[in-house]
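Asks: The structure is given below, and queries will be raised subsequently.
Okay, here's the thing in structure tokens:
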């Protein structure tokens, strides 16, 4: 176990090292800090002096060492645009993204488990087929398009009138197909509850929650079908296994078999994939936040790219890299702990 | 020679009698999807001849025609069946040209992925040992980051290094490169898994005893036997690549508006959504969804029919 732990941590460390080298290479090759600091009228000799003073003439390794030492102390430099430490900028934007991810995760967990289990227990029922077809449509709609459609439906509203208004049913159908609109689709709103530090929350007021609904549903829409299909596939496999047949033969109630015996083993691979997908969600937050102008890290990153705010881009890369590495390592460790069949120190098959 | 050709049926006949074609004939969803896919493909390939106007040709665009709705909405112009976008371009033509760009990038990126991934997978699976461990570790690390994330970051960095103008000039090639590089591990893992299964079979031993070189065994003997999983993931990967391209374009890291793909059409229309011009965004969006959906459904069908050992997870 200890060996496994050390191996995993080493692995994580190496990946983080590579990410930091790449980030540093970006930082040191893109943009000229001297040009950012001084005006045009400063003569070349003074620039050279400043360059020497800042250590920009040192070798790559020396400069990287300085960068890494600073980064370990949480110092990633100043953002060109905000003119404050990049870590503070990130801290300000992090809660918005986290809330979005938490809300989307809640939606995914609440819906994917019951639907996935149902589709596995009754694979041939009409409802299962319906869920499966909806899920493949869901996979095929890019997340930003879901977001745009939600805005059109619930923020702008649809005035649908292809049916004749004179007849009763026509009017009724038009009414059913049209939507009111009026949901907020821009930013986080003003009714935020202050929790601590830079964390203002959307979760504690009805008004705040209405701002959260559309972005969270959009973000969840891409993962939900994946999880439904995954849970269904795993559960189907588990239901074929010997121990489930044995439990049935013993006369244990079906409900208990499904939800206690089978579900437990179904969730094992689901948790692994789930942990990895949590990292993937970070990528999708960029898209969701762009559509809804949600003031989180994704939008901040995209704006930093447009402004060529290199220190902020690099800090974002390092922090997102850290999130990925930490989640992956944790997932691996938990999987190794929970699943007794995983060979902990053995060579990869 | 003539007798052998008479006995073994021609390639076309063998194909026609294969299980693949047999199950295709019995599956109306697959037929329907292939029909729609071929329609979109044909429309995209023949865009210069089919489209009523050339959206790249500035002389054909009249700004006074901008934001006209599709013909089933009041205030439309019969000249523009699907309406016009904010620059006055005919939306039907722009979509045909856009689908062309999206498909070129989708296919190009998948070809690049397959080239890298199949080579890596073959090498890793056949040679084994340290090379295998190193290559697969590399693939695992890259996969542990979401492919979209990798694509966004690489795209953003290239744009920051070369500037927006250069980026738009070479956007098609850059997107093929970015999406191709971001997704190769999928192929590598799948191919490696089936190479591992093939490697221990007798025909490989036989080839080795006959003294063939490793390269010949890998590409001429093992590769043909790993084709079915490659086909299956290729369909899914094309759908993924088209979505990735659309996502990158939507973020402004893809095709410029002067040479739009479906993604950049959606992006350019999004600014006008609040003012009521929904068609600029939602019609290209619908085309994109239908395209991706039929490719995904075809992939599902192909997976069920070929039933290869796919790398799980």
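Protein chains in written order, with the working numbering: chain P, 23 to 371; chain E, 6 to 318.
Each residue gets a CB set at the ideal place from its N, CA and C atoms; glycine is no exception.
Computed from a predicted model, the values in this text were never measured in an experiment.
1. Drop a sphere of 10 angstroms on the beta-carbon of residue 79 (chain P), count the other beta-carbons inside from all chains shown, and report buried for 16 or more, exposed for fewer.
2. Can you name the residues that DSSP bridges to residue 107 (chain P)?
3. Listing by chain order, which chain E residues have their CB less than 9 Å from the CB of residue 204 (chain P)?
4. Roughly how many angstroms separate the alpha carbons of residue 270 (chain E) and residue 61 (chain E), rounded to a whole number?
5. Mind checking residue 164 (chain E): buried by the 16 CB within 10 Å criterion, or exposed?
6. On the DSSP bridge list, what partners appear for residue 331 (chain P)?
7. Mind checking residue 36 (chain P): buried by the 16 CB within 10 Å criterion, or exposed?
8. Cα-Cα, which of E:99, E:149, E:294 is closest to residue 245 (chain E)?
9. When you compare the CB positions of residue 178 (chain E) and residue 122 (chain E), do they come within less than 8 Å of one another, or not?
10. Could you have a look at residue 79 (chain E) and say whether DSSP puts it in helix, strand or coil?
11. Give the interface partners of residue 176 (chain P) over in chain E, defined as CB-CB distance under 8 Å, in chain order.
12. Below 8 Å between beta carbons: does that hold for residue 297 (chain E) and residue 247 (chain E)?
13. According to DSSP, is residue 222 (chain P) part of a helix, a strand, or is it coil?
14. With a threshold of 16 other CB atoms inside 10 Å of the CB of residue 176 (chain P), please say whether the residue is buried or exposed.
15. So is residue 224 (chain P) buried or exposed if we call it buried at 16+ other beta carbons inside 10 Å?
16. Hey, does residue 312 (chain P) have any beta-carbon neighbour from chain E nearer than 8 Å?
17. Give me the DSSP bridge partner(s) of residue 8 (chain P).
18. Whose C-beta lies closer than 7 Å to the C-beta of residue 261 (chain P) among residues of the same chain, with five residues either side of it excluded?
19. Report yes if the C-beta distance between residue 428 (chain P) and residue 157 (chain P) is below 8 Å; otherwise report no.
20. Please confirm if residue 107 (chain E) has its CB atom under 8 Å from at least one CB of chain P.
21. For the putative contact between residue 314 (chain P) and residue 208 (chain P), defined by C-beta atoms under 8 Å, what is the C-beta separation to the nearest angstrom?
22. Around the Cβ of residue 24 (chain P), are there at least 16 other Cβ atoms within 10 angstroms (buried) or fewer (exposed)?
23. Does the Cβ of residue 35 (chain E) have 16 or more other Cβ atoms within 10 Å, making it buried, or fewer, making it exposed?
24. In chain order, which beta strand (DSSP E) runs of at least 3 residues are fully inside the segment 61–126 of chain E?
25. Check the Cβ of residue 187 (chain E) against every Cβ in chain P and list those closer than 9 Å, keeping chain order.
26. Please name the residue, chosen from E:78, E:200, E:107, E:110, that lies closest to residue 125 (chain E) on a Cα-to-Cα basis.
27. For a contact defined as C-beta to C-beta under 8 Å, what are the partners of residue 305 (chain P) on chain E?
28. Distance, Cα to Cα, residue 27 (chain E) vs residue 234 (chain P)?
29. For residue 354 (chain P), is the classification buried or exposed, using 16 other Cβ atoms within 10 angstroms of its Cβ as the cut-off for buried?
30. Using a beta-carbon distance below 8 Å, is residue 164 (chain P) in contact with chain E?
31. Only counting the same chain, and skipping five residues up and downstream in sequence, which positions put a Cβ closer than 6 Å to that of residue 339 (chain P)?
32. Please decide whether residue 116 (chain P) counts as near chain E, where near means a Cβ-Cβ distance under 8 Å.
33. Just the Cα atoms here: how many angstroms apart are residue 320 (chain P) and residue 27 (chain P)?
34. Can you check DSSP and say which residues form a bridge with residue 201 (chain P)?
35. Rounding to the nearest angstrom, what Cα-Cα distance links residue 360 (chain P) and residue 297 (chain P) in this structure?
36. For residue 22 (chain E), report the span of its alpha helix (DSSP H) as first-last.
Replies: Taking the coordinates as given:
1. For the purposes of this step, residue 79 (chain P) is taken as the residue at position 57 of the first chain. By the 10 Å Cβ count, residue 79 (chain P) comes out exposed.
2. Locating residue 107 (chain P) in the first chain gives position 85, counting from the first residue. Bridge partners of residue 107 (chain P): P:100.
3. By 1-based counting over the first chain, the position of residue 204 (chain P) is 182. By Cβ distance, chain E contributes nothing, its closest Cβ being about 13 Å from residue 204 (chain P), past 9 Å.
4. Taking the second chain and counting its residues from 1, one reaches residue 270 (chain E) at position 265. Taking the second chain and counting its residues from 1, one reaches residue 61 (chain E) at position 56. Approximately 13 Å between the Cα atoms of the pair.
5. Counting from one through the second chain, the residue named residue 164 (chain E) turns up at place 159. Buried: at least 16 other Cβ atoms inside 10 Å.
6. On the first chain, position 309 is the one that residue 331 (chain P) refers to. DSSP, once it has assigned bridges, lists no residue as partnering residue 331 (chain P).
7. Translated into positions along the first chain, residue 36 (chain P) becomes position 14. Residue 36 (chain P) comes out exposed.
8. Working through the second chain from its first residue, we reach residue 245 (chain E) at position 240. Ranking the options by Cα distance to residue 245 (chain E), first place goes to E:294.
9. Counting from 1 along the second chain, the entry for residue 178 (chain E) is found at position 173. Counting from 1 along the second chain, the entry for residue 122 (chain E) is found at position 117. No, the Cβ-Cβ distance between residue 178 (chain E) and residue 122 (chain E) is not below 8 Å.
10. Mapped onto the second chain, residue 79 (chain E) falls at position 74. Correct three-state label for residue 79 (chain E): coil.
11. In the first chain, counting from the first residue as 1, residue 176 (chain P) sits at position 154. By Cβ distance, chain E contributes nothing, its closest Cβ being about 13 Å from residue 176 (chain P), past 8 Å.
12. Counted from its first residue, the second chain places residue 297 (chain E) at position 292. Counted from its first residue, the second chain places residue 247 (chain E) at position 242. Yes, the Cβ-Cβ distance between residue 297 (chain E) and residue 247 (chain E) is below 8 Å.
13. Taking the first residue of the first chain as position 1, residue 222 (chain P) is located at position 200. Strand at residue 222 (chain P).
14. Looking up residue 176 (chain P) in the first chain gives position 154. It is buried - the Cβ of residue 176 (chain P) has at least 16 other Cβ atoms within 10 Å.
15. Locating residue 224 (chain P) in the first chain gives position 202, where the first residue counts as 1. Buried, since its Cβ has 16 or more Cβ neighbours within 10 Å.
16. Along the first chain, read from residue 1 onward, the residue named residue 312 (chain P) stands at position 290. It does; some Cβ of chain E falls within 8 Å.
17. For residue 8 (chain P) there is no data in the structure shown, the boundaries of chain P being 23 and 371.
18. Taking the first chain and counting its residues from 1, one reaches residue 261 (chain P) at position 239. Taken in chain order, the residues that qualify are 142, 284.
19. Chain P is shown from 23 up to 371; residue 428 (chain P) falls before or after that span and cannot be answered.
20. As a working mapping, residue 107 (chain E) is identified with position 102 in the second chain. So, not an interface residue.
21. Sequence index remark: in the first chain, residue 314 (chain P) carries index 292 (1-based). Sequence index remark: in the first chain, residue 208 (chain P) carries index 186 (1-based). Sure, about 7 Å apart at Cβ, within 8 Å.
22. One-based indexing of the first chain puts residue 24 (chain P) at position 2. With fewer than 16 Cβ atoms within 10 Å of its Cβ, residue 24 (chain P) is classed as exposed.
23. Numbered from 1 along the second chain, position 30 holds the residue referred to as residue 35 (chain E). Looking at its Cβ environment, which holds 16 or more other Cβ atoms inside 10 Å, residue 35 (chain E) is buried.
24. none
25. Locating residue 187 (chain E) in the second chain gives position 182, counting from the first residue. Going along chain P, no residue has its Cβ under 9 Å from residue 187 (chain E), so there is no contact; the nearest lies around 11 Å.
26. Here residue 125 (chain E) refers to the residue found at position 120 when the second chain is read from its first residue. Taking only the C-alpha atoms, the option nearest residue 125 (chain E) is E:200.
27. Residue 305 (chain P) sits at position 283 when you count from the first residue of the first chain. Neighbours of residue 305 (chain P) on chain E, chain order: 151, 153, 154, 157.
28. Working through the second chain from its first residue, we reach residue 27 (chain E) at position 22. Working through the first chain from its first residue, we reach residue 234 (chain P) at position 212. The alpha-carbon atoms of residue 27 (chain E) and residue 234 (chain P) are separated by roughly 50 Å.
29. Position 332 of the first chain holds residue 354 (chain P). Looking at its Cβ environment, which holds 16 or more other Cβ atoms inside 10 Å, residue 354 (chain P) is buried.
30. Within the first chain, the letter at position 142 stands for residue 164 (chain P). Taking Cβ atoms only, chain E reaches closer than 8 Å to residue 164 (chain P), which makes this a yes.
31. The residue given as residue 339 (chain P) occupies position 317 in the first chain. Result list for residue 339 (chain P): 45, in chain order.
32. Stepping through the first chain from its first residue, residue 116 (chain P) is reached at position 94. Output row for residue 116 (chain P): interface = no.
33. Translated into the one-based positions of the first chain, residue 320 (chain P) becomes position 298. Translated into the one-based positions of the first chain, residue 27 (chain P) becomes position 5. Answer to the nearest angstrom: the Cα atoms are 32 Å apart.
34. Locating residue 201 (chain P) in the first chain gives position 179, where the first residue counts as 1. Paired residue(s): P:180.
35. If you number the first chain from 1, residue 360 (chain P) lands on position 338. If you number the first chain from 1, residue 297 (chain P) lands on position 275. The alpha-carbon atoms of residue 360 (chain P) and residue 297 (chain P) are separated by roughly 14 Å.
36. Here residue 22 (chain E) is taken as the residue at index 17 of the second chain, counted from 1. Where residue 22 (chain E) is concerned, there is no enclosing alpha helix (DSSP H), given that its DSSP letter is neither H nor E.
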